[in-house]
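Comments concern the structure below.
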Amino acid sequence: DTGVSQNPRHKITKRGQNVTFRCDPISEHNRLYWYRQTLGQGPEFLTYFQNEAQLEKSRLLSDRFSAERPKGSFSTLEIQRTEQGDSAMYLCASSLSPSNTEAFFGQGTRLTVV
Amino acid sequence: QQQVKQSPQSLIVQKGGISIINCAYENTAFDYFPWYQQFPGKGPALLIAIRPDVSEKKEGRFTISFNKSAKQFSLHIMDSQPGDSATYFCAASRGSARQLTFGSGTQLTVLP
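Those protein sequence lines, which keep their order, are chains C and A.
So in the numbering used here, the last spot in the first sequence is 114, and the numbers never skip.
So in the numbering used here, the last spot in the second sequence is 1112, and the numbers never skip.
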């Protein structure tokens, strides 16, 4: 296992289109987090899963955003009707709870909405 | 609401010098304080972390100093190297969910 994997690495889309990102966490990790990072800022929490259950969502996660983690393995983050303000790096992280607080991040998916 | 404030925004240090980055938090419920290092095009990677029951933690050239009463913590990088040039983020978390609240980052440049 080489760590948290995110695909695609880069995505350019036209405003109004839908996009979907995938995250494959470290295999034994039961927690999975999504963060958004804009240029020059720290990552901001979006949502997290404990196994397949989505336990918390940030106010940043508007109705156009939806995340799933079927079967508690990989996760997808979908953005509908993309807007230019959605342009950012979308980061996924995973951890093994409750024994370990360390979150391991993937390399992210950079979304550009034109 | 910015719950973790980080300074400076950028820092330039000579090779072999000490790099110091500071963070202050507002939420006294935070109980885990990690520092992350991020290189361009990469995700953040954990450097070192501390809990509020200790005032200092050292791992190699990296030290966290923690002041619970002042609600401040800092990262010291001793003998800074050009390979340390990266963006550093402080963060904090609380409770069982463990989602991280990040500072705004410090871009560190270590001159050879």
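Think of the CB as a built atom: it goes at the ideal place given N, C-alpha and C, for glycine as much as any other residue.
Inter-residue spacing [alpha-carbon to alpha-carbon] between residue i and residue j
| i | j | result |
| --- | --- | --- |
| I1012/A | H1076/A | 14 Å |
| N18/C | E78/C | 7 Å |
| S1104/A | F1062/A | 20 Å |
| F49/C | G106/C | 16 Å |
| S73/C | P1112/A | 44 Å |
| Y1027/A | S1080/A | The identity of residue 1027/A in the sequence shown is Asn, whereas the question assumes Tyr. Roughly 31 Å separates the two Cα atoms. |
| A103/C | R1098/A | 9 Å |
| V113/C | G3/C | 28 Å |
| I1021/A | G1060/A | 17 Å |
| Q1038/A | T1106/A | 10 Å |
| R22/C | T76/C | 5 Å |
| F1073/A | L1108/A | 17 Å |
| L61/C | S1019/A | 36 Å |
| S1055/A | R81/C | 48 Å |
| K1015/A | D1084/A | 10 Å |
| A1045/A | Y1036/A | 5 Å |
| L39/C | S87/C | 9 Å |
| P1052/A | R1094/A | 11 Å |
| Q84/C | C1023/A | 31 Å |
| F1089/A | D63/C | 29 Å |
| I1064/A | Q1006/A | 14 Å |
| P1008/A | P43/C | 17 Å |
| G16/C | L55/C | 28 Å |
DSSP-derived helix/strand/coil call for residue i
| i | result |
| --- | --- |
| K14/C | coil |
| I1050/A | strand |
| V4/C | coil |
| F1062/A | strand |
| V127/C | Outside the modelled stretch of chain C, which goes from 1 to 114, sits residue 127/C, for which no answer is possible. |
| K1042/A | coil |
Residues sharing a beta bridge with residue i, DSSP
| i | result |
| --- | --- |
| F104/C | S94/C |
| R22/C | N7/C and T76/C |
Residue i: CB within 7 Å of a non-hydrogen atom of the ligand SAH
| i | result |
| --- | --- |
| V1054/A | This structure does not include the ligand SAH; it has no bound ligands of any sort. |
> What runs of the beta strand (DSSP E), each 3 residues or longer, lie entirely inside the region 28-90 of chain C?
Replying inline: Unbroken beta strand (DSSP E) stretches of 3 residues or longer found wholly inside the region 28-90 of chain C: 31-37, 44-50, 53-57, 65-68 and 75-79, given in chain order.
> Can you list, in chain order, the stretches of the beta strand (DSSP E) that have 3 or more residues and sit fully within the region 1004-1035 of chain A?
Replying inline: Within the region 1004-1035 of chain A, the runs of beta strand (DSSP E) that reach at least 3 residues and sit entirely inside it are, in chain order, 1004-1007, 1010-1014 and 1019-1025.
> Which parts of the region 1064-1109 of chain A are runs of the alpha helix (DSSP H), unbroken and 4 residues or longer, counting only runs that do not cross its ends?
Replying inline: Fully enclosed alpha helix (DSSP H) runs of 4 or longer: not present.
>> Within 8 Å, do at least three Cβ pairs link the region 1067-1082 of chain A to the region 3-17 of chain C?
In response: Taking a contact to require three or more Cβ pairs closer than 8 Å, the region 3-17 of chain C and the region 1067-1082 of chain A do not qualify as touching.
> How do the region 30-38 of chain C and the region 88-95 of chain C stand: do at least 3 beta-carbon pairs fall below 8 Å, yes or no?
Replying inline: A contact exists between the region 30-38 of chain C and the region 88-95 of chain C.
> Counting pairs of Cβ atoms below 8 Å between the region 64-72 of chain C and the region 42-56 of chain C, do you hit three or more?
Replying inline: The region 64-72 of chain C is in contact with the region 42-56 of chain C.
>> Any C-beta of chain E within less than 8 Å: which residues of the region 1013-1032 of chain A qualify?
In response: Absent from the structure is chain E; the protein chains it does hold are C and A.
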